[in-house]
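Trainee: Pasting a structure here, questions to come.
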Amino acid sequence: MIKSQDYFIVKEFIPDEIEQGSILNIFTNNVTAHTHGFHKYPAKFIPHIPKWAINKYLAGQISKTILDPFCGSGTTLAEGILAGHNVIGIDIDLLSCLIAKVKTTNVNTSELNKVSDWLVKGIKKKKRGEFKPECETIEHWFPKETINKLSIIRTLINQIPERFGDNKSIKDIQHLLIICFSSIIRRVSYADNESQKTYVSHTHIKTPEEPLSLFLSQLDLFKERIAKFSENIPKLRNRIICSSSTESLKVKLKGQNIDLAITSPPYIKAIDYIYNQMVELFWIGDLFGIQTQSKQNEKKKEYIGTKHFHKKEFVEYTPFETTIGIKKLDNKIQKVFKTDKKNGHKHAYITFKYFVGMENHFAEISKCLDKGRHYIMVIGDSSVSNIPFNTADFLTEIAERNGFRITNKWGYKIKNRYMRFDRNGRGGIIEIDWVLDLVRI
Numbered sequence: 000m001i002k003s004q005d006y007f008i009v010k011e012f013i014p015d016e017i018e019q020g021s022i023l024n025i026f027t028n029n030v031t032a033h034t035h036g037f038h039k040y041p042a043k044f045i046p047h048i049p050k051w052a053i054n055k056y057l058a059g060q061i062s063k064t065i066l067d068p069f070c071g072s073g074t075t076l077a078e079g080i081l082a083g084h085n086v087i088g089i090d091i092d093l094l095s096c097l098i099a100k101v102k103t104t105n106v107n108t109s110e111l112n113k114v115s116d117w118l119v120k121g122i123k124k125k126k127r128g129e130f131k132p133e134c135e136t137i138e139h140w141f142p143k144e145t146i147n148k149l150s151i152i153r154t155l156i157n158q159i160p161e162r163f164g165d166n167k168s169i170k171d172i173q174h175l176l177i178i179c180f181s182s183i184i185r186r187v188s189y190a191d192n193e194s195q196k197t198y199v200s201h202t203h204i205k206t207p208e209e210p211l212s213l214f215l216s217q218l219d220l221f222k223e224r225i226a227k228f229s230e231n232i233p234k235l236r237n238r239i240i241c242s243s244s245t246e247s248l249k250v251k252l253k254g255q256n257i258d259l260a261i262t263s264p265p266y267i268k269a270i271d272y273i274y275n276q277m278v279e280l281f282w283i284g285d286l287f288g289i290q291t292q293s294k295q296n297e298k299k300k301e302y303i304g305t306k307h308f309h310k311k312e313f314v315e316y317t318p319f320e321t322t323i324g325i326k327k328l329d330n331k332i333q334k335v336f337k338t339d340k341k342n343g344h345k346h347a348y349i350t351f352k353y354f355v356g357m358e359n360h361f362a363e364i365s366k367c368l369d370k371g372r373h374y375i376m377v378i379g380d381s382s383v384s385n386i387p388f389n390t391a392d393f394l395t396e397i398a399e400r401n402g403f404r405i406t407n408k409w410g411y412k413i414k415n416r417y418m419r420f421d422r423n424g425r426g427g428i429i430e431i432d433w434v435l436d437l438v439r440i
């Protein structure tokens, strides 16, 4: 590492030993290699972090088991598979789980070629699709011609099991094609490509890309990368569990021994992943039962860090009577409650619920890790009602009262953001992600 002002410059590979409190500036052009580039996903961490943890704690070992309890789109899982290990991923977000499954599943390449050849011929031949999204305002989001072209692709993908057989091998290929399809939807819509919120800008008018040529180009990329992945990576076990990570984690793991845990949990007032994926869910949400906005809104309430609470849920809450038991944290939440005259009551409750959820998570995962096993957590600090929260430090305290000890804390500068936006002082852009190296005691 080379020190430059406040940062240590790292090119591609993070060294095993990092000085406590160091902040790295990682230079790389390799964040979308292998299957990592299959689907855009907000707030995902770079693959260098799980690669560093795996090299540090599982070097020279194979077929160990790596857990990511907030697996998102599967960055940790893909790196675990590439390093020769079995992986388990848990996430509450249904689209995320399917992306993670696709990124870590071998497919039969000869069957894939057969199915994709049929699909390409159908796309070029078919004039009208039968699939119709359950969205009354679909023409607000997509040009009419695009709606029909997307319908053609989805109609044909739906027909794959009937045409080629309803077995696991074909189902894996169908899932791959669904994610390939999903990966183009934002780009062919009127929705802004850069925002975490799915909206149509009237000041920066967007020209949507043409869907059929974009899908065919993306299909070539998927086929090339999954073929290389499937041919060169051994058939290791991947389990993707769609569920909250705070509930009965030991039961979900069915007694499986975990050798290393690596994750990046949600932030306070977390990104609204469903809102972020809304145009995609208009087209594939039926697979998860969340194809309409009303169904999506119900699902949002289950997420850690969610902002979606009805007033009746927190009307009797006060941070003076209901506390977490960490003085600095409780004082921060009380300050939010007192100083934010408009939203302080709700924001204090959101923050309280976030840390309670994370406490439950640490209590659960401590039951699943043997003594001496490491848990690497990547988290950024946050701001609530313009009051800064040292989230990484507070989570460290919570972890330490649930069977863990912090062995190191270091950070890295966040770059190449996807879907960034100015929150006008309501949280801001997080500049540093902190890496907490916890060990089960």
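Going letter by letter, the sequence shown gives residues 0 to 440 in numbering that gives the first Met the number 0. Glycine included, every Cβ here is placed at the ideal spot set by N, Cα and C.
Which one of Leu437, Arg439, Pro46, Tyr411 has the shortest CA to CA distance from Glu442?
Mentor: Summary: the structure shown does not reach residue 442, with the chain confined to residues 0 through 440, and so no result is reported for it.
Trainee: Cβ of His35 within 8 Å of Cβ of Thr64?
Mentor: Start at 1 with the first residue of the sequence shown, and residue 35 comes out as number 36. Start at 1 with the first residue of the sequence shown, and residue 64 comes out as number 65. Cβ distance not < 8 Å, so His35 and Thr64 don't count as in contact.
Trainee: Mark Thr441 as exposed unless 16 or more other C-beta atoms lie within 10 angstroms of its C-beta, in which case mark it buried.
Mentor: In this structure the chain extends from 0 to 440, so residue 441 is not present and cannot be described.
Trainee: Measure the C-alpha to C-alpha separation of Ala82 and Ile53 and round it to an integer number of angstroms.
Mentor: Walking along the sequence shown from the start, residue 82 turns up at place 83. Walking along the sequence shown from the start, residue 53 turns up at place 54. Taking the straight line joining both Cα atoms gives about 8 Å.
Trainee: Could you check if Phe319 is buried or exposed, using at least 16 other CB atoms within 10 Å of its CB as the buried criterion?
Mentor: Start at 1 with the first residue of the sequence shown, and residue 319 comes out as number 320. The residue in question, Phe319, is exposed, as its Cβ has fewer than 16 Cβ neighbours within 10 Å.
Trainee: Indicate whether Asn24 and Ile48 have their beta-carbon atoms separated by less than 8 Å.
Mentor: Numbered from its first residue, the sequence shown carries residue 24 at position 25. Numbered from its first residue, the sequence shown carries residue 48 at position 49. In this structure, Ile48 does not lie closer than 8 Å to Asn24 by Cβ.
Trainee: Going by beta-carbon coordinates alone, are Asp258 and Arg372 separated by less than 8 Å?
Mentor: For the purposes of this step, residue 258 is identified with residue 259 of the sequence shown, where counting begins at 1. For the purposes of this step, residue 372 is identified with residue 373 of the sequence shown, where counting begins at 1. It is a contact, given that the beta carbons lie within the stated cut-off.
Trainee: Restricting to runs no shorter than 4 residues, where is the alpha helix (DSSP H) found entirely within the stretch 297-330?
Mentor: With a minimum length of 4 residues, the continuous alpha helix (DSSP H) runs that stay inside the stretch 297-330 are 310-313.
Trainee: For the candidate residues Thr108, Glu18, Tyr6, whose alpha-carbon lies nearest to that of Asn407?
Mentor: Along the sequence shown, read from residue 1 onward, the residue named residue 407 stands at position 408. The shortest Cα separation from Asn407 among Thr108, Glu18, Tyr6 belongs to Glu18.
Trainee: Lys439: buried (16+ other C-beta within 10 angstroms of its C-beta) or exposed?
Mentor: Within the sequence shown, the letter at position 440 stands for residue 439. Reading off the sequence, residue 439 comes out as Arg, not Lys. By the neighbour-count rule (16 or more Cβ atoms within 10 Å), Arg439 is buried.
Trainee: Which of the three DSSP states is assigned to Arg238 in this structure?
Mentor: Here residue 238 refers to the residue found at position 239 of the sequence shown. Arg238: strand per DSSP, three-state reduction.
Trainee: Taking the runs of the alpha helix (DSSP H) that are 4 residues or longer, which of them lie wholly in the stretch 361-392?
Mentor: For the stretch 361-392, not a single whole alpha helix (DSSP H) run of length 4 or above is found.
Trainee: Per DSSP, what are the beta-bridge partners of Val86 in this structure?
Mentor: Working through the sequence shown from its first residue, we reach residue 86 at position 87. According to DSSP, Val86 bridges with Ile65, Asn237.
Trainee: For Ala260, report the span of its alpha helix (DSSP H) as first-last.
Mentor: The count along the sequence shown starts at 1 and reaches residue 260 at position 261. Note, Ala260: premise wrong, no alpha helix (DSSP H); beta strand (DSSP E) at 257-262.
Trainee: Whose CA, out of Asn256, Gly288, Gln295, lies closest to the CA of Asp271?
Mentor: As a working note, residue 271 is residue 272 in the sequence shown. Out of Asn256, Gly288, Gln295, Gln295 has the C-alpha closest to the C-alpha of Asp271.
Trainee: With 16 as the cutoff for other CB atoms within 10 Å, does Ser381 come out buried or exposed?
Mentor: Within the sequence shown, the letter at position 382 stands for residue 381. With 16 or more Cβ atoms within 10 Å of its Cβ, Ser381 is classed as buried.
Trainee: Which ranges would you report for the alpha helix (DSSP H) in the stretch 154-236 if only whole runs of at least 4 residues count?
Mentor: Here the runs fully enclosed are 159-163, 167-187, 210-231.
Trainee: So for Tyr411, helix, strand or coil by DSSP?
Mentor: For the purposes of this step, residue 411 is taken as the residue at position 412 of the sequence shown. Correct three-state label for Tyr411: strand.
Trainee: Output the boundary residues of the alpha helix (DSSP H) element that contains Tyr274.
Mentor: The sequence position of residue 274 within the sequence shown is 275, counting from 1. First-last of the alpha helix (DSSP H) with Tyr274: 272-275.
Trainee: Looking only at C-alpha atoms, which of Leu149, Ala226, Glu193, Ile159 sits nearest to Ser212?
Mentor: Against the sequence shown, residue 212 aligns to sequence position 213. Ranking Leu149, Ala226, Glu193, Ile159 by Cα distance to Ser212 puts Leu149 first.
Trainee: Using the rule of at least 16 other Cβ atoms within 10 Å of the residue's Cβ for burial, across every protein chain shown, is Leu220 buried or exposed?
Mentor: Translated into the one-based positions of the sequence shown, residue 220 becomes position 221. Result: exposed.
Trainee: Bridge partners of Arg400, per DSSP?
Mentor: Indexing the sequence shown from 1 puts residue 400 at position 401. Paired residues: none, contrary to the question.
Trainee: So, for Gly343: in the same chain, excluding its five sequence neighbours on each side, which residues have a beta-carbon less than 7 Å away from its beta-carbon?
Mentor: Numbered from 1 along the sequence shown, position 344 holds the residue referred to as residue 343. Answer for Gly343: Val335, Phe336, Lys337, Ser384, listed in chain order.
Trainee: Quick check on the burial criterion: 16 or more other C-beta atoms within 10 angstroms. Buried or exposed for Gln276?
Mentor: Against the sequence shown, residue 276 aligns to sequence position 277. It counts as buried.
Trainee: Using the Cα positions of Trp433 and Tyr56, report the straight-line distance between them to the nearest angstrom.
Mentor: Sequence index remark: in the sequence shown, residue 433 carries index 434 (1-based). Sequence index remark: in the sequence shown, residue 56 carries index 57 (1-based). Approximately 19 Å between the Cα atoms of the pair.
Trainee: Can you list, in chain order, the residues of its chain with a C-beta nearer than 7 Å to that of Gly426? Leave out the 5 residues immediately preceding and following it.
Mentor: To locate residue 426, count along the sequence shown from 1; it is residue 427. Note on Gly426: pLDDT 44, under 50, position unreliable in the model; the coordinate value appears next. So the qualifying residues of the chain are Lys268, Ser381, Ser382.
Trainee: Please say whether Tyr348 and Phe388 have beta carbons closer to each other than 8 Å?
Mentor: Working through the sequence shown from its first residue, we reach residue 388 at position 389. Working through the sequence shown from its first residue, we reach residue 348 at position 349. Contact: no.
Trainee: Look at the alpha carbon of Thr154 and the alpha carbon of Ile273, and state the distance between them as a whole number of angstroms.
Mentor: As a first step, residue 154 must be located in the sequence shown, where it is residue number 155. As a first step, residue 273 must be located in the sequence shown, where it is residue number 274. So the two alpha carbons sit approximately 23 Å from each other.
Trainee: Whether or not the stretch 157-171 and the stretch 91-110 are in contact is what I'm after, with contact meaning three or more pairs of Cβ atoms, one per stretch, closer than 8 Å; do they touch?
Mentor: Yes: the two stretches touch, three or more of their Cβ pairs being nearer than 8 Å.
Trainee: Within a Cβ cutoff of 6 Å, which residues of the same chain sit near Glu358, ignoring the five residues on either side of it in sequence?
Mentor: The count along the sequence shown starts at 1 and reaches residue 358 at position 359. Within the same chain, Glu358 has close Cβ partners Ile397.
Trainee: Using only CA atoms, which one of Glu230, Gly254, Ile240, Tyr189 lies nearest to His201?
Mentor: The count along the sequence shown starts at 1 and reaches residue 201 at position 202. Among Glu230, Gly254, Ile240, Tyr189, the Cα nearest to that of His201 belongs to Tyr189.
Trainee: Could you please give the first and the last residue of the uninterrupted alpha helix (DSSP H) stretch that includes Asn54?
Mentor: By 1-based counting over the sequence shown, the position of residue 54 is 55. First-last of the alpha helix (DSSP H) with Asn54: 47-57.
Trainee: Quick check on the DSSP output: the alpha helix (DSSP H) that includes Lys10 runs from which residue to which?
Mentor: Within the sequence shown, numbered from 1, the residue matching residue 10 stands at position 11. Taken as a continuous stretch (DSSP letters only), Lys10 belongs to no alpha helix (DSSP H), being part of the beta strand (DSSP E) at 6-10.
Trainee: Exposed or buried, what is Tyr353 when buried is set at 16 or more other beta-carbons lying within 10 Å of its beta-carbon?
Mentor: By 1-based counting over the sequence shown, the position of residue 353 is 354. The residue in question, Tyr353, is buried, as its Cβ has 16 or more Cβ neighbours within 10 Å.
Trainee: Please classify Asp116: does DSSP put it in a helix, a strand, or coil?
Mentor: Against the sequence shown, residue 116 aligns to sequence position 117. Helix.
Trainee: Under 8 Å, do Cys367 and Lys249 count as touching if we go by C-beta distance?
Mentor: Within the sequence shown, the letter at position 368 stands for residue 367. Within the sequence shown, the letter at position 250 stands for residue 249. Taking 8 Å as the Cβ cut-off, Cys367 and Lys249 qualify as a contacting pair.
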